[in-house]
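Student: The sequence shown lines up with residues 100 to 408 when you count with the working numbering.
Could you have a look at this structure, given as structure tokens, before my questions?
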Amino acid sequence: MNADNWSEQVLEKSGIEAVFLTNDFDDSLQGFDTNVYIPCLRTDDLVFHLAKQDVRDRLEVSTSTSLESITDLRQAVATLFTHFKTNNAKACAISLPPSFSPSTISDGRAKNALQQILTKGTEADASHIEAMARWMFWTITQQCETHQLPFDLMIGVNRRVYPTGVFQGQDLYDSRVSLIQYQEVFNAFPTVTFPISVLASVTNQELASYAWIFPNVVTHGHWWYSNTPTFIEHDTAARLEAVPQTKQIGYYSDMYKLEFALPKFRMYKRILSKVLAERYVIDRNWSEQRAIEFGSIILRGNVETVFDI
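Here is the structure:
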């Protein structure tokens, strides 16, 4: 493990050609091969934490922009997207609380909200912080449209439900979330692809239905509390039956360490193989080759198409 090329050894032995990252908006994206470690613009801070002085400072430094107006803010976001796209970014991403419902906010309302935030920071009224979050989300989606980037939405997480928990052991889902909250943005941006992850299996049927109906909605992996073999099998079987085969991305998972990728994906591939064997080869009398081709689309083909790899 101390070898200089240990990471390359892990990638080779795991059969991994590339890894999708999630990068802070002020990441320089330097010092690594972006064809192997593919950048993705993570936008949580921009949408939900712009009232924090350090977030605004980071945005000003990384874009060489003084944030004094809505025009400045829109230009700063555009600069970020240009930087990421130039460095081979293939997506934008955000995790979203169950209470969030994106909608259009006028520049006039956003101007008022920004002025309050610049004056009062995190002490600004919650209505201004919420208005700014919605404006920023919409502006980011517009940039996804301009730069032809998918916008990965990870929906339904409540942060710090158990604040004394360990790292990654503080947040929980909320079954009251619904994708109906996103109907406006799905309809407003038909050319933007939205790969969507939901925090818990209880939301999977709704996600499968939205991916069936909306041309620009794609089911995306089994995130967080739905990343359990029993739930994965149930949700995978439902998606394979209900969602067009070109609109499903089978699996992704936070690795934390490169060594974690192989066992995690082996788990998913075993489950996918089981579902295909039992429900398609046995129940539907498919040939094994047809089932394998179906599985390959879910595992790899759609990743290449959606993320332009």
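We put the beta carbon where it would ideally sit given N, CA and C, even for glycine.
Quantities reported herein were computed from a predicted structural model and do not represent experimental measurements.
On the DSSP letters alone, give me the boundaries of the alpha helix (DSSP H) that methionine 366 sits inside.
Tutor: Here the question's residue 366 lines up with position 267 in the sequence shown. Note, methionine 366: alpha helix (DSSP H), 360 to 375.
Student: Please state the DSSP three-state secondary structure of phenylalanine 441.
Tutor: A query on residue 441 cannot be resolved here, the shown segment of the chain reaching from 100 to 408 and no further.
Student: So, helix, strand or coil for asparagine 401, using DSSP?
Tutor: The residue given as residue 401 occupies position 302 in the sequence shown. In this structure, asparagine 401 counts as helix in the three-state DSSP scheme.
Student: Using alpha carbons as the reference points, say which of Thr185, Lys219, Ser352 lies closest to leucine 128.
Tutor: The count along the sequence shown starts at 1 and reaches residue 128 at position 29. For leucine 128, the nearest C-alpha among the options comes from Thr185.
Student: Mapping the DSSP letters down to three states, classify histidine 148 as helix, strand or coil.
Tutor: Taking the sequence shown and counting its residues from 1, the one referred to as residue 148 is at position 49. Reduced to three states, the DSSP call for histidine 148 is coil.
Student: In three-state DSSP terms, what is arginine 233?
Tutor: For this step, residue 233 is matched to residue 134 along the sequence shown. Three-state DSSP puts arginine 233 in a helix.
Student: In the segment 256 to 316, which residue ranges form an unbroken beta strand (DSSP E) of at least 3 residues, counting only runs that do not cross its ends?
Tutor: 293 to 297
Student: In this structure, how does DSSP classify asparagine 101 when only helix, strand and coil are distinguished?
Tutor: If you number the sequence shown from 1, residue 101 lands on position 2. Asparagine 101 falls in the coil class under three-state DSSP.
Student: Please determine, among Leu120, Gly130, Thr133, the residue with the shortest C-alpha to C-alpha distance to threonine 142.
Tutor: Working through the sequence shown from its first residue, we reach residue 142 at position 43. Just measuring C-alpha positions, the residue of Leu120, Gly130, Thr133 sitting nearest threonine 142 is Leu120.
Student: Between which two residues does the alpha helix (DSSP H) containing phenylalanine 330 stretch?
Tutor: Here residue 330 refers to the residue found at position 231 of the sequence shown. Residues 328 to 341.
Student: For the segment 156 to 165 against the segment 219 to 228, do three or more pairs of beta-carbon atoms, one drawn from each stretch, fall closer than 8 Å, so that the two count as touching?
Tutor: The segment 156 to 165 vs the segment 219 to 228: no contact.
Student: Could you confirm whether any beta carbon from chain D is found closer than 9 Å to the beta carbon of leucine 248?
Tutor: Looking for chain D here will not work: only one protein chain is present.
Student: Could you check the C-alpha separation between arginine 275 and valine 256 for me, to the nearest Å?
Tutor: The residue labelled residue 275 in the question sits at position 176 within the sequence shown. The residue labelled residue 256 in the question sits at position 157 within the sequence shown. Their Cα atoms are separated by approximately 11 Å.
Student: What does a CB cutoff of less than 8 Å around glutamine 174 pick up in its chain, not counting 5 residues either side in sequence?
Tutor: Position 75 of the sequence shown, counting from 1, holds the residue named residue 174. Excluding positions up to five away in sequence, the list reads Thr162, Thr164.
Student: Run through DSSP, which three-state label would phenylalanine 406 get?
Tutor: Taking the first residue of the sequence shown as 1, we reach residue 406 at position 307. Note: phenylalanine 406 maps to coil in three-state DSSP.
Student: If we ignore side chains and look at the alpha-carbon of each, how far apart do alanine 232 and phenylalanine 199 end up?
Tutor: Your numbering for residue 232 matches position 133 in the sequence shown. Your numbering for residue 199 matches position 100 in the sequence shown. Whole-angstrom Cα-Cα distance: 9 Å.
Student: By Cβ distance, which residues of its chain are closer than 8 Å to methionine 354, with the 5 residues on each side in sequence left out?
Tutor: Indexing the sequence shown from 1 puts residue 354 at position 255. Val118, Ala360, Lys363, listed in sequence order.
Student: Tell me, please, which residues DSSP counts as bridged to alanine 192.
Tutor: Locating residue 192 in the sequence shown gives position 93, counting from the first residue. Per DSSP, Arg141, Asp251.
Student: With DSSP as the reference, label glutamine 347 as helix, strand or coil.
Tutor: Within the sequence shown, numbered from 1, the residue matching residue 347 stands at position 248. If DSSP states are grouped into helix, strand and coil, glutamine 347 belongs with the strands.
Student: Rounded to a whole number of angstroms, what is the C-alpha to C-alpha distance between leucine 140 and asparagine 384?
Tutor: To locate residue 140, count along the sequence shown from 1; it is residue 41. To locate residue 384, count along the sequence shown from 1; it is residue 285. If you take the alpha carbons of leucine 140 and asparagine 384, they lie about 43 Å apart.
Student: Could you pull the DSSP bridge partners for valine 118 from this structure?
Tutor: Position 19 of the sequence shown, counted from the start, is the residue given in the question as residue 118. DSSP lists Tyr136 as partners of valine 118.
Student: Answer yes or no: do isoleucine 331 and valine 317 have a C-beta to C-beta separation smaller than 9 Å?
Tutor: Numbered from its first residue, the sequence shown carries residue 331 at position 232. Numbered from its first residue, the sequence shown carries residue 317 at position 218. No, the Cβ-Cβ distance between isoleucine 331 and valine 317 is not below 9 Å.
Student: Quick one: what does DSSP say histidine 246 is sitting in, helix, strand or coil?
Tutor: As a working mapping, residue 246 is identified with position 147 in the sequence shown. Helix, per DSSP.
Student: Please classify threonine 238 as buried or exposed, where buried requires at least 16 neighbouring CB atoms within 10 angstroms.
Tutor: The count along the sequence shown starts at 1 and reaches residue 238 at position 139. Flag for threonine 238 reads buried.
Student: Does the beta-carbon distance from valine 291 to phenylalanine 236 come in below 9 Å?
Tutor: Translated into positions along the sequence shown, residue 291 becomes position 192. Translated into positions along the sequence shown, residue 236 becomes position 137. Their beta carbons are not under 9 Å apart, which means valine 291 does not touch phenylalanine 236 by this criterion.
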